[in-house]
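Sequential numbering of the sequence shown, starting at 734, is according to my numbering.
In what follows, a single structure is set out as structure tokens and then discussed.
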Amino acid sequence: MPTTPVALVGLGSYLPPQRITNEALCERLDTTDEWITTRTGIRSRHWAGPGVATGDLAVEAGHRALKSAGLEAEPGAVDIVVLATTTPDNPCPATCPDVAARLGLGPIAAYDIAAVCSGFLYALAAASAHITAGQARRALVIGAETYSTILNPADRTTNVIFGDGAGAVVLSAASDDTEDGLVLDIDLGSDGTGRDLITIPGGGSRQRATTSAPDADDRYFTMQGKQVFTQAVNRMTESSQTVLDRLGWTADQVDWLVGHQANVRILNSVARGLGIPAERAVINLDRVGNTSAASIPLALADAAAKGSLTPGARVLLTAFGGGLTWGAAALTWPDIVPV
Ligand code: UT7
């Protein structure tokens, strides 16, 4: 059965204005700028102000991606919206229908995807599949997070790492399989035996089974950093290699590696494992931290705005996150202006 090629035709991003420097965190946590920069590469991140939720950031990024694609935010602009997030506005309902409605996109399909830091790649795969299957001609894919709302203020390790933000892309059925911007391959994986390495213990149906009183600390995000580090390097390297092998690309042919911005040491290790020079790994975590599902589109927007991503460039995406989940994708860069 012939499948419809899928192209990336728009890119938008949004960061909440409040910038939190390492120095600001040092004022209330037992940490140092030196520890944060040497262990993670992060210098500052953005946190949403009180009352600002993930959906608010998603709407901003969605608007910008539509504009970048030359589309008005109106019914018919896209046929489906998929939102990747770990920090939905509410446990129920999903955030995406509200985002679609606020964007004025009409009564179209809209749903959330929960794959933590791999969420954007899972959402990209889902939206691409809708287009390939002929269920949609155009899709809006958003990654948006407000981790500042789930961080334990006393946990220095997670506080220094995570930031808030949103990024979005517009995907479209492509007219032929030679144009720039094509999503060429996506690989996804998971290992639920590692579920406790990254978790929010409370707030879900599992907690109901306990007889103890709900503990406020159970609502905070937790991460076993060291074990996650090793898994992140291995899984992102393997998944990326799978995509390279399937496409017949060599490391030399990859113009840009755009990895989940978790830690500069992780990104350098993945690049080294693949044989891609570190200079070809996109880095924006120094200014935004780890923004989970928003990480890859924010990195793409940053690299595109700097002029690093040029039309036709071969781009390899990869991510790893809670679940455990991971993935990689390859595309050629389109001739677009990010907003
Ligand atoms: O986004 C999903 C995927 N996430 C990731 O991929 C994150 C992966 N993990 C990491 O990036 C790193 O493991 C961290 C940045 C989280 C931690 O770096 P690390 O080099 O693995 O440090 P560590 O956990 O081994 O801790 C080393 C020391 C410990 O002290 P002791 O036991 O050696 O005395 C920690 O208590 O650093 C201490 N520490 C800190 N010190 C100052 C932990 N956090 C901090 C901090 N400031 N913020």
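Ideal placement from N, C-alpha and C gives every residue a C-beta, glycine not left out.
It should be emphasised that the depicted structure is a prediction, and the values quoted were computed from it without experimental measurement.
On the premise that Ile875 lies in contact with Ala899, defined as a C-beta separation below 8 Å, what is that separation, rounded to the nearest angstrom?
Working through the sequence shown from its first residue, we reach residue 899 at position 166. Working through the sequence shown from its first residue, we reach residue 875 at position 142. Right, the Cβ-Cβ distance comes to about 6 Å (below 8 Å), so this counts as a contact.
So Ala1034 packs on Ser905, CB below 8 Å; how close in whole Å?
On the sequence shown, residue 1034 is found 301 positions in, with the first residue counted as 1. On the sequence shown, residue 905 is found 172 positions in, with the first residue counted as 1. Their Cβ separation, rounded to whole angstroms, is 18 Å, which puts Ala1034 and Ser905 out of contact at 8 Å.
Exposure label - Asp920; buried when at least 16 CB within 10 Å:
Numbered from 1 along the sequence shown, position 187 holds the residue referred to as residue 920. When all chains shown are included, Asp920 counts as buried.
Cβ neighbour criterion (16 or more within 10 Å) applied to Gly1022
Position 289 of the sequence shown holds residue 1022. That one is buried.
Residue of Asp897, Ser1002, Asp988 and Arg998 minimising C-alpha distance to Glu971:
As a working note, residue 971 is residue 238 in the sequence shown. The shortest C-alpha separation from Glu971 is found at Ser1002.
Closest by C-alpha distance to Asp988, when choosing among Ala834, Ala1063, Leu1000 and Pro808:
Within the sequence shown, residue 988 is the residue found at index 255, counting from 1. The shortest C-alpha separation from Asp988 is found at Ala1063.
Any chance the stretch 838 to 851 sits against the stretch 813 to 823, with 3 or more Cβ pairs inside 8 Å?
Touching, per the Cβ criterion.
Candidates Ala877, Ile894 and Ile933: which alpha carbon is nearest Ala722's?
There is no way to answer for residue 722, as the model of the chain reaches only from 734 to 1072.
Buried or exposed by the 16-neighbour rule on C-beta atoms within 10 Å, applied to Glu805
For the purposes of this step, residue 805 is taken as the residue at position 72 of the sequence shown. Classification of Glu805: exposed, given that the 10 Å Cβ count is below 16.
Bounding residues of the beta strand (DSSP E) (the contiguous stretch that carries Tyr747):
Numbered from its first residue, the sequence shown carries residue 747 at position 14. Here the beta strand (DSSP E) through Tyr747 covers Val739 to Tyr747.
Please report how far the alpha carbon of Asp751 lies from the alpha carbon of Thr787, in whole angstroms.
Locating residue 751 in the sequence shown gives position 18, where the first residue counts as 1. Locating residue 787 in the sequence shown gives position 54, where the first residue counts as 1. It should be pointed out that residue 751 corresponds to Gln in this sequence rather than to Asp. Distance between the alpha carbons of Gln751 and Thr787 is about 15 Å.
For Val903 versus Leu857, is the C-beta spacing smaller than 7 Å?
The count along the sequence shown starts at 1 and reaches residue 903 at position 170. The count along the sequence shown starts at 1 and reaches residue 857 at position 124. Not in contact: Val903 and Leu857 (Cβ atoms no closer than 7 Å).
Less than 7 Å separating the beta-carbons of Gly782 and Ala1026?
Position 49 of the sequence shown holds residue 782. Position 293 of the sequence shown holds residue 1026. No; because the gap between Cβ atoms is not below 7 Å, this pair is not in contact.
Roughly how far, in whole angstroms, is the beta-carbon of Leu686 from the beta-carbon of Ile1029, given that I think they are within contact range, below 8 Å?
Residue 686 lies beyond the residue range present for the chain, which begins at 734 and ends at 1072; the question has no answer from this structure.
Shortest alpha-carbon distance to Thr754 belongs to which of Leu854, Ile775 and Ala859?
Along the sequence shown, one-based indexing puts residue 754 at 21. By alpha-carbon distance to Thr754, the top candidate from Leu854, Ile775 and Ala859 is Ile775.
Please return the same chain residues whose Cβ sits closer than 6 Å to the Cβ of Ala869, not counting the five positions on each side in sequence.
Counting from 1 along the sequence shown, the entry for residue 869 is found at position 136. Closer than 6 Å at the Cβ level, and outside the excluded window around Ala869, lie Asp812, Ile813 and His863.
In this structure, how does DSSP classify Asn996 when only helix, strand and coil are distinguished?
For this step, residue 996 is matched to residue 263 along the sequence shown. In this structure, Asn996 counts as coil in the three-state DSSP scheme.
Could you check which residue in Ala791, Arg1005, Ala1011 and Val1015 has the C-alpha nearest to that of Gly992?
If you number the sequence shown from 1, residue 992 lands on position 259. When only C-alpha atoms are compared, the closest one is Val1015.
Go to Arg778, then tell me how far its beta strand (DSSP E) extends in each direction, as first and last residue.
Taking the first residue of the sequence shown as 1, we reach residue 778 at position 45. Element bounds for Arg778: Ser777 to His779.
Roughly how many whole angstroms lie between the Cα atoms of Pro1044 and Gly935?
Your numbering for residue 1044 matches position 311 in the sequence shown. Your numbering for residue 935 matches position 202 in the sequence shown. If you take the alpha carbons of Pro1044 and Gly935, they lie about 45 Å apart.
Hey, Pro1071 and Ala1032 are a contact pair by Cβ (cut 8 Å); roughly how many whole angstroms apart?
Within the sequence shown, residue 1071 is the residue found at index 338, counting from 1. Within the sequence shown, residue 1032 is the residue found at index 299, counting from 1. So it is not a contact: roughly 11 Å between Cβ atoms.
How many whole angstroms separate the CB atoms of Trp1059 and Gly922, which I take to be in contact at a CB cut-off of 8 Å?
For the purposes of this step, residue 1059 is taken as the residue at position 326 of the sequence shown. For the purposes of this step, residue 922 is taken as the residue at position 189 of the sequence shown. Confirmed, about 5 Å.
In terms of residues, what are the limits of the beta strand (DSSP E) holding Asp918?
In the sequence shown, residue 918 corresponds to position 185, counting from 1. Val916 to Ser923 is the extent of the beta strand (DSSP E) around Asp918.
In the structure shown, what three-state DSSP assignment does Val720 receive?
The question about residue 720 has no answer here: the residues shown for the chain are numbered 734 through 1072.
Using a Cβ-Cβ cut-off of 8 Å (strictly less than) and excluding sequence neighbours within five positions of Val966, which residues of its own chain qualify?
For the purposes of this step, residue 966 is taken as the residue at position 233 of the sequence shown. Counting only Cβ-Cβ distances below 8 Å, and skipping sequence neighbours, we find Ile999, Ser1002, Val1003 and Gly1006.
Give the C-beta separation of Leu917 and Ala907 to the nearest angstrom, bearing in mind that I take them to be a contact with Cβ-Cβ under 8 Å.
On the sequence shown, residue 917 is found 184 positions in, with the first residue counted as 1. On the sequence shown, residue 907 is found 174 positions in, with the first residue counted as 1. 11 Å between Cβ atoms; not a contact.
Given the structure, does Asn755 come close to the ligand UT7, in the sense that its CB is under 6 Å from one of the ligand's heavy atoms?
Numbered from its first residue, the sequence shown carries residue 755 at position 22. No, the Cβ of Asn755 stays beyond 6 Å of every heavy atom of the ligand UT7.
CB contact flag (Leu799, Tyr747, <7 Å):
Your numbering for residue 799 matches position 66 in the sequence shown. Your numbering for residue 747 matches position 14 in the sequence shown. Cβ atoms of Leu799 and Tyr747: not closer than 7 Å.
Out of Gly867, Thr955, Thr764 and Ala1052, which has the shortest C-alpha to C-alpha gap to Pro738?
On the sequence shown, position 5 is the one that residue 738 refers to. Looking at the Cα atoms, Gly867 is the closest of the given residues.
Distance cut-off 6 Å: Arg776 Cβ against heavy atoms of the ligand UT7
Against the sequence shown, residue 776 aligns to sequence position 43. No; taking the cut-off as 6 Å, the Cβ of Arg776 has no heavy atom of the ligand UT7 nearer than that.
Beta-bridge partners of Glu878, as assigned by DSSP
Mapped onto the sequence shown, residue 878 falls at position 145. The partner list for Glu878 (beta bridge, DSSP) reads Gly898.
Inspect the beta-carbon positions of Gly896 and Thr1024 and report whether they are closer than 7 Å.
As a first step, residue 896 is located in the sequence shown; it is residue number 163 there, counting from the start. As a first step, residue 1024 is located in the sequence shown; it is residue number 291 there, counting from the start. Result yes, Cβ atoms of Gly896 and Thr1024 sit closer than 7 Å.
Looking only at its chain, what residues have a beta carbon closer than 6 Å to the beta carbon of Arg968, apart from the 5 residues adjacent to it on each side?
For this step, residue 968 is matched to residue 235 along the sequence shown. Excluding positions up to five away in sequence, the list reads Phe1053 and Trp1059.
Let me check understanding here. Comparing Cα to Cα, which of Asp909, Leu990, Trp768 and Ala887 lies closest to Thr865?
For this step, residue 865 is matched to residue 132 along the sequence shown. Measuring from the Cα of Thr865, the nearest candidate turns out to be Asp909.
What did DSSP end up calling Ser1041 once you bin it into helix, strand or coil?
Counted from its first residue, the sequence shown places residue 1041 at position 308. Note: Ser1041 maps to coil in three-state DSSP.
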